[in-house]
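Chemist:
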Amino acid sequence: MVNIIIFTNGLVLLGVRKYDDINHLILLLWNPSTRESVVLPSTEFLPSQDYTCGLGYDSTSGDYMILKIGYQSCSEILVLKSGSWRTTDKRPTGIYPVWLSDMDSLAFVRGAFHWLGLLRNEFVTSYDILNEVFKAIPLPDGMFVVPDMVYVKHSLSILGEMICICSTHHDQRKYAFNLWIMKDYGVKESWNRFFTIQSTYLYSLVPEYRFSDGEVLLRCKHFDRCGYIFKTTKESSVFCPQSRSECIRNGFVYPESLISPKLLSIYSCTIKTTSFRGNHTITFFSL
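Counting in the working numbering, the sequence shown runs from 2 upward without gaps.
Below, the structure is given as structure tokens:
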């Protein structure tokens, strides 16, 4: 079972579990352009715990970092050049299992990881990798308030180097997706609603890429389809299963890169035995 966690600079962080041993989690750093990968050292986090992680890049040191945050334990950081995990000194606020379970990964932009937090009011929590400090970025008042509709979930991602939040609501007839973008980083007043989509057949929507003309590629879940489909804000289908039995488990947009994962880490190993059941196909297409 393979889970795409996050990508940075053309590198992808993968989480792999064997079907016959789901408690054994393997993290790999993979370059989809060159098909090269490296197995990363294991951590103290157990797969049964609520946690999520992200991949970031420190431009001052030229090194990559992986941050893992959990509800019941301290955060851990892996610096690839050191090849070992260490815990952070401070515990982040606003971490709740229900929010972590809804997050694909930690979003990384402007030298910091970001995720949605909860205290008395909703806010964006950030972790600066240079100073190793946690901060809170406020959200506009009433962002998640939609009259006559029931709250479902919120998600945070990066779109065109800007933090964006997709709030999902529904009533008995349709789902409504509101995408908000923070144009000026850290400025509460710069949050703007980018678009609203209403649908009777989609129940999940994640923005993946913004084209030069402003159109956005969306990763969606369809009531009549298994897994994901990809479409744009202009309703044109980009890629979807040809039959209802075919399933796209995940997908992402990445820039092509020649960066070697094996040269980034002093720690590398190979998996001598692998036991995966079922067929897993990775399909590449250009935008």
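Yeah, the Cβ is synthetic: ideal placement off N, Cα and C, and Gly gets one too.
Being a predicted model, the structure only gives us computed values, none of them experimental.
Would you tell me roughly how many angstroms separate the C-alpha atoms of V332 and Y65, rounded to the nearest one?
Modeler: Given that the chain is displayed from residue 2 to residue 288, the structure contains no residue 332 and the question cannot be resolved.
Chemist: How many Å lie between F195 and H171 at the Cα?
Modeler: Numbered from 1 along the sequence shown, position 194 holds the residue referred to as residue 195. Numbered from 1 along the sequence shown, position 170 holds the residue referred to as residue 171. F195 and H171: Cα-Cα distance of roughly 19 Å.
Chemist: Assign N10 to buried or exposed, taking buried as 16 or more other Cβ atoms, counted over all protein chains shown, within 10 Å of its Cβ.
Modeler: For the purposes of this step, residue 10 is taken as residue 9 along the sequence shown, with counting starting at 1. Classification for N10: exposed.
Chemist: K235: buried (16+ other C-beta within 10 angstroms of its C-beta) or exposed?
Modeler: Within the sequence shown, residue 235 is the residue found at index 234, counting from 1. By the 10 Å Cβ count, K235 comes out exposed.
Chemist: Would DSSP call K235 helix, strand or coil?
Modeler: Mapped onto the sequence shown, residue 235 falls at position 234. It is coil, neither helix nor strand.
Chemist: Among the candidates L15, W31, E216, whose CA atom is the shortest distance from the CA of L265?
Modeler: Taking the first residue of the sequence shown as position 1, residue 265 is located at position 264. When each option's Cα is compared against that of L265, the closest is W31.
Chemist: With a 10 Å radius around its C-beta and 16 neighbouring C-beta atoms as the bar for buried, classify P33 as buried or exposed.
Modeler: By 1-based counting over the sequence shown, the position of residue 33 is 32. Flag for P33 reads buried.
Chemist: Evaluate F212 with the Cβ neighbour count: other Cβ atoms within 10 Å of its Cβ, from every protein chain shown; 16 or more gives buried, anything less gives exposed.
Modeler: Locating residue 212 in the sequence shown gives position 211, counting from the first residue. F212 is exposed by the Cβ-count criterion.
Chemist: To the nearest angstrom, report how far apart Y255 and H223 are at their CA atoms.
Modeler: Mapped onto the sequence shown, residue 255 falls at position 254. Mapped onto the sequence shown, residue 223 falls at position 222. Between Y255 and H223, the C-alpha separation is close to 23 Å.
Chemist: Does the separation of the CB atoms of P208 and C167 fall below 8 Å?
Modeler: Residue numbering aside, residue 208 sits at position 207 when the sequence shown is read from its first letter. Residue numbering aside, residue 167 sits at position 166 when the sequence shown is read from its first letter. In this structure, C167 lies closer than 8 Å to P208 by Cβ.
Chemist: Note down the Cα distance separating A113 from Q173, rounded to an integer number of angstroms.
Modeler: Counting from 1 along the sequence shown, the entry for residue 113 is found at position 112. Counting from 1 along the sequence shown, the entry for residue 173 is found at position 172. About 39 Å.
Chemist: Do you know how far the Cα of L180 is from the Cα of L218?
Modeler: One-based indexing of the sequence shown puts residue 218 at position 217. One-based indexing of the sequence shown puts residue 180 at position 179. Straight-line Cα distance between these residues: approximately 13 Å.
Chemist: Quick check: Y176 and Y204, are their CB atoms within less than 8 Å of each other?
Modeler: Numbered from 1 along the sequence shown, position 175 holds the residue referred to as residue 176. Numbered from 1 along the sequence shown, position 203 holds the residue referred to as residue 204. Yes, they are a contact pair.
Chemist: For S43 and I27, I'd like the C-alpha separation in whole angstroms.
Modeler: Here residue 43 is taken as the residue at index 42 of the sequence shown, counted from 1. Here residue 27 is taken as the residue at index 26 of the sequence shown, counted from 1. Roughly 7 Å separates the two Cα atoms.
Chemist: Mind checking which residues open and close the alpha helix (DSSP H) that includes L79?
Modeler: The count along the sequence shown starts at 1 and reaches residue 79 at position 78. No alpha helix (DSSP H) contains L79, which is instead part of the beta strand (DSSP E) from 77-80.
Chemist: Quick one: what's got a C-beta closer than 7 Å to K69's C-beta in the same chain, skipping five residues either side?
Modeler: Position 68 of the sequence shown holds residue 69. T44, F46, Y52, C54, S76, E77, listed in sequence order.
Chemist: Using a Cβ-Cβ cut-off of 6 Å (strictly less than) and excluding sequence neighbours within five positions of V125, which residues of its own chain qualify?
Modeler: If you number the sequence shown from 1, residue 125 lands on position 124. Once the five neighbours on either side are set aside, the close Cβ partners of V125 are H115, I138.
Chemist: Could I get the ranges of all uninterrupted beta strand (DSSP E) runs contained in the segment 153-181, with 3 residues as the minimum, in chain order?
Modeler: For the segment 153-181, whole beta strand (DSSP E) runs of length 3 or above, ordered along the chain, are 163-171.
Chemist: Could you tell me whether the Cβ atoms of M144 and M163 are closer together than 8 Å?
Modeler: Here the question's residue 144 lines up with position 143 in the sequence shown. Here the question's residue 163 lines up with position 162 in the sequence shown. No, Cβ-Cβ distance for M144 and M163 is not below 8 Å.
Chemist: Answer with buried or exposed for L131, where buried requires no fewer than 16 other C-beta atoms within 10 angstroms of its C-beta.
Modeler: Looking up residue 131 in the sequence shown gives position 130. Looking at its Cβ environment, which holds fewer than 16 other Cβ atoms inside 10 Å, L131 is exposed.
Chemist: Assuming P141 is part of the beta strand (DSSP E), what are its boundary residues?
Modeler: As a working note, residue 141 is residue 140 in the sequence shown. It is not in any beta strand (DSSP E) - P141 carries neither H nor E in the DSSP assignment.
Chemist: For P141, which residues from the same chain have a beta carbon less than 7 Å from its beta carbon, with the 5 sequence-adjacent residues on both sides left out?
Modeler: Translated into the one-based positions of the sequence shown, residue 141 becomes position 140. Answer for P141: K189, W192, listed in chain order.
Chemist: Under 6 Å Cβ to Cβ from K136, same chain only, skipping five residues before and after it: list those, please.
Modeler: For the purposes of this step, residue 136 is identified with residue 135 of the sequence shown, where counting begins at 1. S127, listed in sequence order.
Chemist: Starting from the C-beta of A108, find all residues in its chain whose C-beta is less than 6 Å away, skip the five residues before and the five after it, and write them out in chain order.
Modeler: Counting from 1 along the sequence shown, the entry for residue 108 is found at position 107. Only H115, L157, S158, I159 meet the Cβ criterion.
Chemist: For S102 and L14, what's the separation of their Cα atoms in angstroms?
Modeler: Here residue 102 corresponds to residue number 101 of the sequence shown, with the count starting at 1. Here residue 14 corresponds to residue number 13 of the sequence shown, with the count starting at 1. Low per-residue confidence applies at S102: pLDDT is 49, beneath 50, and the placement is therefore not dependable enough to give any value.
Chemist: CA-CA distance, I198 and T169?
Modeler: Here residue 198 refers to the residue found at position 197 when the sequence shown is read from its first residue. Here residue 169 refers to the residue found at position 168 when the sequence shown is read from its first residue. Their backbone Cα atoms lie some 10 Å apart in a straight line.
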